[in-house]
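Going by the working numbering, the first residue of the sequence shown is number 8, and it counts up by one from there.
Think of the CB as a built atom: it goes at the ideal place given N, C-alpha and C, for glycine as much as any other residue.
To start, the structure under review is shown below, and the notes come after it.
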Amino acid sequence: MNTLEAIAARRNVRAYTDEPIPAEVLRAVLDTARRAPSAGNRQEWDMVVVTDRAQLQALAGVWRGAGHVAGSAATVALIAPKHDDPMRNRSLEFDLGQLAMTLILAATEHGIGCGHTAVSEQDLARELLGFPDDRFCAWLVAMGYPADRPIRPLKRHNRRPFEEVVHFGTW
Numbered sequence: 008m009n010t011l012e013a014i015a016a017r018r019n020v021r022a023y024t025d026e027p028i029p030a031e032v033l034r035a036v037l038d039t040a041r042r043a044p045s046a047g048n049r050q051e052w053d054m055v056v057v058t059d060r061a062q063l064q065a066l067a068g069v070w071r072g073a074g075h076v077a078g079s080a081a082t083v084a085l086i087a088p089k090h091d092d093p094m095r096n097r098s099l100e101f102d103l104g105q106l107a108m109t110l111i112l113a114a115t116e117h118g119i120g121c122g123h124t125a126v127s128e129q130d131l132a133r134e135l136l137g138f139p140d141d142r143f144c145a146w147l148v149a150m151g152y153p154a155d156r157p158i159r160p161l162k163r164h165n166r167r168p169f170e171e172v173v174h175f176g177t178w
């Protein structure tokens, strides 16, 4: 699958088979993700990868919408530094989005479905993942082989029409 096909195939997946992600595939996905662009090439993020079933089940408790994490083959926690500067935080938010999308597209290329989730219980996340106090868990990206149907380019996208979204020159 090429990049354009991965973009067309990407969908939120929150139900997974029991099939583990082979270590070499997971490593390839993570290696691709770490190459995501960042402002000033700061690369301020870290990724904590969880594959242990008991740890995944506990990690599902970090937000009310994170139940799918418990059934994932792997979940990647995106960890970032805390900043006092609002502009630096805005930049970091954009960088984390680029990291997440790069991770998701790399997984999609390998037929792996992903479902991201917020993290509201930072203390629990810190306890389970062991990241330092000067950092926070920005997002979780759960990954696994989809339980419903394989990853392949979608014929019908649930997206606003091109003409409604794209404006040339002015609004």
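Cut-off 6 angstroms between Cβ atoms - residues of its own chain near residue i, not counting five sequence neighbours on either side
{"i": "residue 98", "result": "46"}
{"i": "residue 169", "result": "none"}
{"i": "residue 8", "result": "116"}
For residue i, the residue or residues it bridges with in DSSP
{"i": "residue 146", "result": "85"}
{"i": "residue 53", "result": "86"}
{"i": "residue 23", "result": "153"}
Cβ pair residue i, residue j closer than 8 angstroms
{"i": "residue 180", "j": "residue 30", "result": "Nothing about residue 180 can be reported from this structure: the residues present for the chain run from 8 to 178 only."}
{"i": "residue 114", "j": "residue 36", "result": "yes"}
{"i": "residue 75", "j": "residue 21", "result": "yes"}
{"i": "residue 70", "j": "residue 124", "result": "yes"}
{"i": "residue 157", "j": "residue 118", "result": "yes"}
{"i": "residue 84", "j": "residue 103", "result": "no"}
{"i": "residue 18", "j": "residue 112", "result": "no"}
{"i": "residue 11", "j": "residue 66", "result": "no"}
{"i": "residue 135", "j": "residue 62", "result": "yes"}
{"i": "residue 176", "j": "residue 128", "result": "no"}
{"i": "residue 133", "j": "residue 89", "result": "no"}
{"i": "residue 56", "j": "residue 138", "result": "no"}
Run of the beta strand (DSSP E) containing residue i, from where it starts to where it stops
{"i": "residue 104", "result": "Taken as a continuous stretch (DSSP letters only), residue 104 belongs to no beta strand (DSSP E), being part of the alpha helix (DSSP H) at 93-116."}
{"i": "residue 124", "result": "120-124"}
Interface flag, residue i vs chain C, CB-CB below 8 angstroms
{"i": "residue 74", "result": "The structure shown contains no chain C, having only a single protein chain."}
Segment limits, alpha helix (DSSP H) that includes residue i
{"i": "residue 39", "result": "30-40"}
{"i": "residue 138", "result": "Residue 138 -> no alpha helix (DSSP H), and no H or E assigned at all."}
{"i": "residue 172", "result": "169-172"}
{"i": "residue 63", "result": "60-66"}
{"i": "residue 15", "result": "10-16"}
Neighbourhood of residue i by C-beta, 8 angstroms cutoff - its chain only, sequence neighbours within 5 removed
{"i": "residue 26", "result": "80, 151, 152"}
{"i": "residue 42", "result": "109"}
{"i": "residue 101", "result": "46"}
Cutoff 7 angstroms; reference residue i; Cβ partners in own chain excluding five residues on either side
{"i": "residue 106", "result": "40, 43, 52, 85"}
Open item on the list: Check whether the region 117-133 and the region 56-73 are in contact - that is, three or more C-beta pairs closer than 8 angstroms.
Closed with: yes
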